[in-house]
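Participant: Here you go, one structure.
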Amino acid sequence: MDKRITLVTGASRGIGKAAALELARRGHHVVATARSKLALEKLDDEIKALGGTATLVPMDLKDKTAFETLGQALATKFGRLDGLLGNAGVLGTLGPLQAIGPRSFEETIEVNLTANWRLIRAMAPLLQRSEAPRAVFISSGVVPRPRAFWGPYQASKMGLEGLAYAWADENENLPLRVNIFDPGATRTGMRAEAMPSEDPNTLPPPEDVVKQLVPLLEESETRTGERILFAK
Numbered sequence: 508m509d510k511r512i513t514l515v516t517g518a519s520r521g522i523g524k525a526a527a528l529e530l531a532r533r534g535h536h537v538v539a540t541a542r543s544k545l546a547l548e549k550l551d552d553e554i555k556a557l558g559g560t561a562t563l564v565p566m567d568l569k570d571k572t573a574f575e576t577l578g579q580a581l582a583t584k585f586g587r588l589d590g591l592l593g594n595a596g597v598l599g600t601l602g603p604l605q606a607i608g609p610r611s612f613e614e615t616i617e618v619n620l621t622a623n624w625r626l627i628r629a630m631a632p633l634l635q636r637s638e639a640p641r642a643v644f645i646s647s648g649v650v651p652r653p654r655a656f657w658g659p660y661q662a663s664k665m666g667l668e669g670l671a672y673a674w675a676d677e678n679e680n681l682p683l684r685v686n687i688f689d690p691g692a693t694r695t696g697m698r699a700e701a702m703p704s705e706d707p708n709t710l711p712p713p714e715d716v717v718k719q720l721v722p723l724l725e726e727s728e729t730r731t732g733e734r735i736l737f738a739k
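Okay, here's the thing in structure tokens:
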């Protein structure tokens, strides 16, 4: 494989899908993960229409064994990984902390935080085989500006940023570059779920956001350990 090989979680919709398509336009081979096989197949059709290539991996981030299986499969097929975009996430339940059920709380932490730790563990050996490995994790504006009723979601994103900063620091003398990207308010299904009364047409679409996100996964990116905010 003479293309950069880049893994995108949550690639079936929103920012993840837009990023996968932009990566394909730039000549990356996209390893696309999502829960829906049908949605991944539609994404694959769009990538092929752009002249790109993809590997589809239907998986649930709550499946604790899926990450090692994915790592082993990529090691066998490609022998390395050049880029990692930790995009997948869930909003969880918004409301007073005491009113949020244990199942919803645990799922939010599992998908937004713990799954990314498992992803790092499984993909780090493959990234180490790349000449220019890059990793980016999608965060949220609630981290610098915490607010009421967003407790589980913002706690998970704060924890994710902590993981990313630690991983960047651990690799400061190695080729791996690890950054955090805050897309801000974007026209996605998750945003509509969180803000149902908001006019989505006032927000930038994912296609605009990824034009600043995807370059962080290119060989030319030199920053590491930084929190990068989408500039409208």
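For the sequence shown, the residue numbers in the numbering used here are 508 to 739.
Glycine included, each C-beta is placed from N, C-alpha and C at the ideal position.
Just so it is clear, the structure is predicted and the values come from calculations on it, not from any experiment.
1. Report the residue from S647, A671, R587, F574 whose alpha carbon sits nearest the alpha carbon of G732.
2. Buried or exposed, going by whether 16 or more other CB atoms sit within 10 Å of the CB of E529?
3. As an exercise, report each continuous beta strand (DSSP E) stretch of at least 3 residues that is fully enclosed by the segment 556 to 608, in chain order.
4. What's the C-alpha gap between E575 and E728?
5. Taking the alpha helix (DSSP H) that L620 falls in, what are its first and last residues?
6. Classify A518 as helix, strand or coil using the three-state DSSP reduction.
7. Take E726 as the anchor and find which of N708, R734, R684 has the nearest alpha-carbon.
8. Quick check: what's the CA-CA separation for R587 versus I512?
9. Helix, strand or coil: how does DSSP classify V721 here?
10. Residues in its own chain within less than 8 Å of A701 by CB, not counting five upstream and five downstream?
11. Quick check: what's the CA-CA separation for A531 versus G669?
12. For P609, is the classification buried or exposed, using 16 other Cβ atoms within 10 angstroms of its Cβ as the cut-off for buried?
13. Quick test of your reading: N623 and F644, contact by CB under 8 Å. State the CB separation rounded to the nearest angstrom.
14. Please classify P640 as buried or exposed, where buried requires at least 16 other C-beta atoms within 10 Å of its C-beta.
15. Can you tell me where the alpha helix (DSSP H) with L670 in it begins and where it stops?
Facilitator: Considering the structure as presented:
1. Residue 732 sits at position 225 when you count from the first residue of the sequence shown. Answer by Cα proximity: A671.
2. Within the sequence shown, residue 529 is the residue found at index 22, counting from 1. Classification for E529: buried.
3. 560 to 565, 590 to 593
4. Along the sequence shown, read from residue 1 onward, the residue named residue 575 stands at position 68. Along the sequence shown, read from residue 1 onward, the residue named residue 728 stands at position 221. The alpha-carbon atoms of E575 and E728 are separated by roughly 28 Å.
5. Taking the first residue of the sequence shown as position 1, residue 620 is located at position 113. First-last for L620: undefined, no H or E at that position.
6. Here residue 518 corresponds to residue number 11 of the sequence shown, with the count starting at 1. A518 falls in the coil class under three-state DSSP.
7. For this step, residue 726 is matched to residue 219 along the sequence shown. Here the closest residue by C-alpha is R684.
8. Residue numbering aside, residue 587 sits at position 80 when the sequence shown is read from its first letter. Residue numbering aside, residue 512 sits at position 5 when the sequence shown is read from its first letter. Each residue's alpha carbon lies about 8 Å from the other.
9. Mapped onto the sequence shown, residue 721 falls at position 214. It is helical.
10. Taking the first residue of the sequence shown as position 1, residue 701 is located at position 194. Contacts found: L598, L601.
11. In the sequence shown, counting from the first residue as 1, residue 531 sits at position 24. In the sequence shown, counting from the first residue as 1, residue 669 sits at position 162. Answer to the nearest angstrom: the Cα atoms are 30 Å apart.
12. Along the sequence shown, one-based indexing puts residue 609 at 102. P609 is exposed by the Cβ-count criterion.
13. Against the sequence shown, residue 623 aligns to sequence position 116. Against the sequence shown, residue 644 aligns to sequence position 137. The Cβ separation is near 6 Å, so the contact holds.
14. In the sequence shown, counting from the first residue as 1, residue 640 sits at position 133. Buried.
15. Your numbering for residue 670 matches position 163 in the sequence shown. From DSSP, the alpha helix (DSSP H) with L670 extends over 658 to 677.
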